[in-house]
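Just so you know, the sequences run in chain order Z and C. Position 154, counted from 1, in the first sequence is what the numbering used here calls 416; the numbers after and before it change by one each time, with no gaps. Position 16, counted from 1, in the second sequence is what the numbering used here calls 278; the numbers after and before it change by one each time, with no gaps.
2 protein chains.
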Amino acid sequence: MAAPGENLRINSDRLWDSIMEMAKIGPGVAGGNNRQTVTDEDGEGRHLFRQWCEEAGLTMGVDQMGTMFMRREGADPDALPVYVGSHLDTQPTGGKYDGVLGVLAGLEIIRTLNDLDIKTKHPIVVTNWTNEEGTRYAPAMLASGVFADMHTQDWAYGLEDANGKKFGDELERIGWKGEETVGDRKMHAFFELHIEQGPILEIEEKDIGVVTHGQGLSWMQITVTGKDAHTGSTPMPMRKNAGLGMARILELVDKIAWSHAPDAVAAAGHIDVHPNSRNVIPGKVVFTVDMRSPNLATIEDMEKQLAEGAKKICDDMGLEIEFEKVGGFDPVTFDEGCVAAVRNAAERLGYSHKNLISGAGHDACWINRVAPTAMVMCPCVDGLSHNEAEDISQEWARAGTDVLFHAVVETAEIVE
Amino acid sequence: MAAPGENLRINSDRLWDSIMEMAKIGPGVAGGNNRQTVTDEDGEGRHLFRQWCEEAGLTMGVDQMGTMFMRREGADPDALPVYVGSHLDTQPTGGKYDGVLGVLAGLEIIRTLNDLDIKTKHPIVVTNWTNEEGTRYAPAMLASGVFADMHTQDWAYGLEDANGKKFGDELERIGWKGEETVGDRKMHAFFELHIEQGPILEIEEKDIGVVTHGQGLSWMQITVTGKDAHTGSTPMPMRKNAGLGMARILELVDKIAWSHAPDAVAAAGHIDVHPNSRNVIPGKVVFTVDMRSPNLATIEDMEKQLAEGAKKICDDMGLEIEFEKVGGFDPVTFDEGCVAAVRNAAERLGYSHKNLISGAGHDACWINRVAPTAMVMCPCVDGLSHNEAEDISQEWARAGTDVLFHAVVETAEIVE
Chain Z
263 MAAPGENLRI NSDRLWDSIM EMAKIGPGVA GGNNRQTVTD EDGEGRHLFR QWCEEAGLTM
323 GVDQMGTMFM RREGADPDAL PVYVGSHLDT QPTGGKYDGV LGVLAGLEII RTLNDLDIKT
383 KHPIVVTNWT NEEGTRYAPA MLASGVFADM HTQDWAYGLE DANGKKFGDE LERIGWKGEE
443 TVGDRKMHAF FELHIEQGPI LEIEEKDIGV VTHGQGLSWM QITVTGKDAH TGSTPMPMRK
503 NAGLGMARIL ELVDKIAWSH APDAVAAAGH IDVHPNSRNV IPGKVVFTVD MRSPNLATIE
563 DMEKQLAEGA KKICDDMGLE IEFEKVGGFD PVTFDEGCVA AVRNAAERLG YSHKNLISGA
623 GHDACWINRV APTAMVMCPC VDGLSHNEAE DISQEWARAG TDVLFHAVVE TAEIVE
Chain C
263 MAAPGENLRI NSDRLWDSIM EMAKIGPGVA GGNNRQTVTD EDGEGRHLFR QWCEEAGLTM
323 GVDQMGTMFM RREGADPDAL PVYVGSHLDT QPTGGKYDGV LGVLAGLEII RTLNDLDIKT
383 KHPIVVTNWT NEEGTRYAPA MLASGVFADM HTQDWAYGLE DANGKKFGDE LERIGWKGEE
443 TVGDRKMHAF FELHIEQGPI LEIEEKDIGV VTHGQGLSWM QITVTGKDAH TGSTPMPMRK
503 NAGLGMARIL ELVDKIAWSH APDAVAAAGH IDVHPNSRNV IPGKVVFTVD MRSPNLATIE
563 DMEKQLAEGA KKICDDMGLE IEFEKVGGFD PVTFDEGCVA AVRNAAERLG YSHKNLISGA
623 GHDACWINRV APTAMVMCPC VDGLSHNEAE DISQEWARAG TDVLFHAVVE TAEIVE
């Protein structure tokens, strides 16, 4: 492969302007965005992206999950395309960069190639995956999950939002249910640029995260049942305080994570206390423990420690406990060649970089199952994401997109 | 004082029938009652009670807080009345016995005195205190609190329910705003029978609780603030997990209560986690710690330990903490003479009994500030209350009412 020269750079002003233009569609209430999947705003964003792509000479394909594939031809008619992209949908109170940066960076690559009249052997396809966020229709990464055969399309179509509207109906309503069979496309490689959604790059002052793995995840919903009782008239020895049981399990969860340092993490983000009244000892607490590690054996070990330890805590307190696994995916190891292309690009361009494990799920995590895949990450302020205050600097966006550009173009092979 | 003979007993079938008749007004959805204060149902219950009282020869006074005072004359025109009663209002999903038993037991005393043609030196006044429950209009024990000069009447009138309706307006609407100035009545004594709302009597197989004290209470609302962050992409050392801080404080609360054994109790019944999403480390937790003891110095010591200990926990974790005292009342020591009258009655009648500290608040706790007061408790199944499944046996009601009868009549002095 012919690597591009280090003087080849994207136009960061143009990229930034496009991000800001896209952010005008489905504005949030606090400076971010509310452009949830298969809403009118999602449709409007798709039209703008399509217009930009067509202005850049790309031709569109849309699959039956609504995923958009914007193609720049390659010199070799038989070469599989290099795919690059992410998602344009946002959380209900989302930021301007999560997902959007990755899609518009793909477009900026095309624009730069056009500027410089560079041809590649492999076609390049800029991709906007449908419903990455999973807020309106859980689970997240829905269309890429169907693409990678993790879910069936019929099941996805039947998912309902909070108002009982079906995903398939809404996709049709906004006019983006395409004809292509999902997953039929074969890829030479897939690259995704994304903001880190964590604090490491900013704190360590690195421009680029070279994502080597995606963490596996286990979501265990725990129900601890004791006995509702009056906080005043129930002596301490007669209490079955489900809230205190929950507290001791949270301490255990923290210990389990630290005992699998440095890459394992765990916490409970969701906790519902019943009846949640100031003068009633909680009779029931339902909470979800989120445990992650890039190593499958570690996740399994953590799950076992949680099950045994939490059971013992509850037995000792006369509480009942039930476990339900409500979510999970296996750790991801990204493609060695694609990861090297990202790392080499950062080196060549003089950007500081470090290996990262993606803590969040991304479309790339599913696509990695069906194509050689890698991810580039850039810092975000304070690690903040899924929040209207999400922020990045134009310099960070430039560095990430430059690296993405070099990785994609090296993989797509410049034709001299 | 002339004590009544041990053969003087109330008519437990008549008492039980009246309880069941009252329970038909404002029925709940699961066998209990929803007869909240100053609703149409409350008005209907008051009319039935008034009718029964007038059939028993009592005359009615109603004060400006709507509290009903149903009077049986005494032989001595200068003697202050002995008051007996509780409240007819219920929780939205309340039981048939909480409060109601105490009011109708007062009526049963009158009916039995009438049956036996017994006269007392002191008048006896059966009382139905308005808004003991405090669910529709917080705080609890509202009318007795105004009676005991703990709140002003104007403030009570201005309280709003969840629909913005004012207490004073609703009291007038149902036709029970009386003329009497609240708190003008002087009392020789006040007795209240109530279900225990705790498990001790049933577990220890005692018929009667002789209530010597009311626990003092401290409600401390604690806000722990950390930092919302993604559960996957935030390394353990960079977390500020407000949920874990809350868990450690709950453990501390438990330790503080046990270290003040045997009478102190503490727990957190109300816990709200923000943003309460499975994949977001909690950035904020707001919860209320309920601590009680019959000893004021103990409560103050517990509050100090909580403030210092919770602050240290949060300091060590890089969390912010704020405290707000959102409720409290001082411990109550009931009148020695009235308590003795209750204990002597139980002894005389051959009922097993033990001293109890009331963990819950009751109208008697406020009235004790302005008159010699005591309480009788009877067991309830499983300690359950503020719940439609609340239950007692007719035998428990009989024993409690017999003891109340003897204590009231001994204090009111039988005229031979």
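Glycine included, every Cβ here is placed at the ideal spot set by N, Cα and C.
Residue span of the beta strand (DSSP E) that contains residue i, given as start and end
i      : result
Z/T487 : G478 to T487
C/Y345 : V344 to S348
Z/L618 : H615 to S620
C/K546 : K546 to S555
Z/D534 : V527 to H536
Z/V388 : I386 to N390
C/V638 : T635 to C640
Proximity test, Cβ basis, 8 angstroms: residue i and chain C
i      : result
Z/W278 : no
Z/R660 : no
Z/P544 : yes
Z/L506 : yes
Z/E464 : no
Z/R477 : First, the amino acid is wrong: residue 477 of chain Z is Gln here, not Arg. Yes, Z/Q477 counts as interfacial toward chain C.
Residue burial classification, residue i (beta-carbon count within 10 angstroms, cutoff 16)
i      : result
C/L403 : A small correction: the amino acid at residue 403 of chain C is Met; Leu does not occupy that position in the sequence shown. Answer is buried; the Cβ neighbour count reaches 16.
Z/L378 : exposed
C/T392 : buried
Z/V444 : buried
C/K286 : exposed
C/E432 : buried
Z/M263 : Low confidence applies here, because Z/M263 scores a pLDDT of 48, under 50, leaving its location unreliable; read the following figure in that light. By the neighbour-count rule (16 or more Cβ atoms within 10 Å), Z/M263 is not buried but exposed.
Z/V677 : exposed
C/M282 : exposed
Z/N617 : exposed
Z/I465 : exposed
Residue i in three-state terms, based on DSSP
i      : result
C/F596 : coil
Z/R334 : strand
C/E268 : coil
C/G589 : strand
Z/E432 : helix
Z/I281 : helix
Z/V300 : coil
C/T474 : strand
Z/H492 : strand
Z/G381 : Checking the sequence, you will find Lys at residue 381 of chain Z rather than Gly. DSSP places Z/K381 in strand when its eight states are reduced to three.
Z/E513 : helix
Z/V542 : strand
C/G288 : coil
Any C-beta of chain Z under 8 angstroms from that of residue i
i      : result
C/M498 : yes
C/T493 : yes
C/R398 : no
C/G460 : yes
C/D653 : no
C/P401 : no
C/M263 : Because the pLDDT of C/M263 is 48, which lies under 50, any placement of that residue in the model is unreliable, and the number read from its coordinates should be weighed accordingly. Not closer than 8 angstroms to any Cβ of chain Z, the Cβ of C/M263 fails to qualify, so no.
C/T550 : yes
C/E317 : no
C/W520 : yes
C/D516 : yes
C/A669 : no
C/A572 : no
Start-to-end residues for the alpha helix (DSSP H) that takes in residue i
i      : result
Z/L455 : From DSSP, Z/L455 is part of no alpha helix (DSSP H) but of the beta strand (DSSP E) over A451 to I457.
Residue i: CB within 7 angstroms of a non-hydrogen atom of the ligand ADP
i      : result
Z/D325 : Looking for the ligand ADP in the displayed structure turns up nothing, as the structure carries no ligands at all.
Contacts of residue i in chain A (Cβ-Cβ under 7 angstroms)
i      : result
Z/L512 : Looking for chain A here will not work: the only protein chains present are Z and C.
Answer yes if the region 266-279 of chain Z comes into contact with the region 324-333 of chain Z, meaning at least three C-beta pairs across the two stretches below 8 angstroms, and no otherwise. no
Under 8 angstroms: do the region 471-486 of chain C and the region 582-589 of chain C share three or more Cβ pairs, one atom per stretch? yes
Does the region 646-656 of chain Z touch the region 311-321 of chain Z, meaning 3 or more C-beta pairs lie closer than 8 angstroms? Fewer than three Cβ pairs drawn from the region 311-321 of chain Z and the region 646-656 of chain Z lie within less than 8 angstroms of each other, which leaves the two stretches out of contact.
For the region 454-473 of chain Z against the region 606-622 of chain Z, do three or more pairs of beta-carbon atoms, one drawn from each stretch, fall closer than 8 angstroms, so that the two count as touching? yes
Spell out a yes or no on whether the region 597-605 of chain Z and the region 659-676 of chain Z are touching, meaning 3 or more CB-CB pairs, one atom from each, closer than 8 angstroms. yes
Determine contact between the region 500-511 of chain Z and the region 499-516 of chain C, defined as no fewer than three beta-carbon pairs at a distance below 8 angstroms. yes
Could you tell me whether the region 423-439 of chain C touches the region 339-357 of chain C, where touching means 3 or more Cβ pairs closer than 8 angstroms? no
Kindly confirm or deny that the region 523-538 of chain Z and the region 446-466 of chain Z touch, where touching means at least three C-beta pairs closer than 8 angstroms. no
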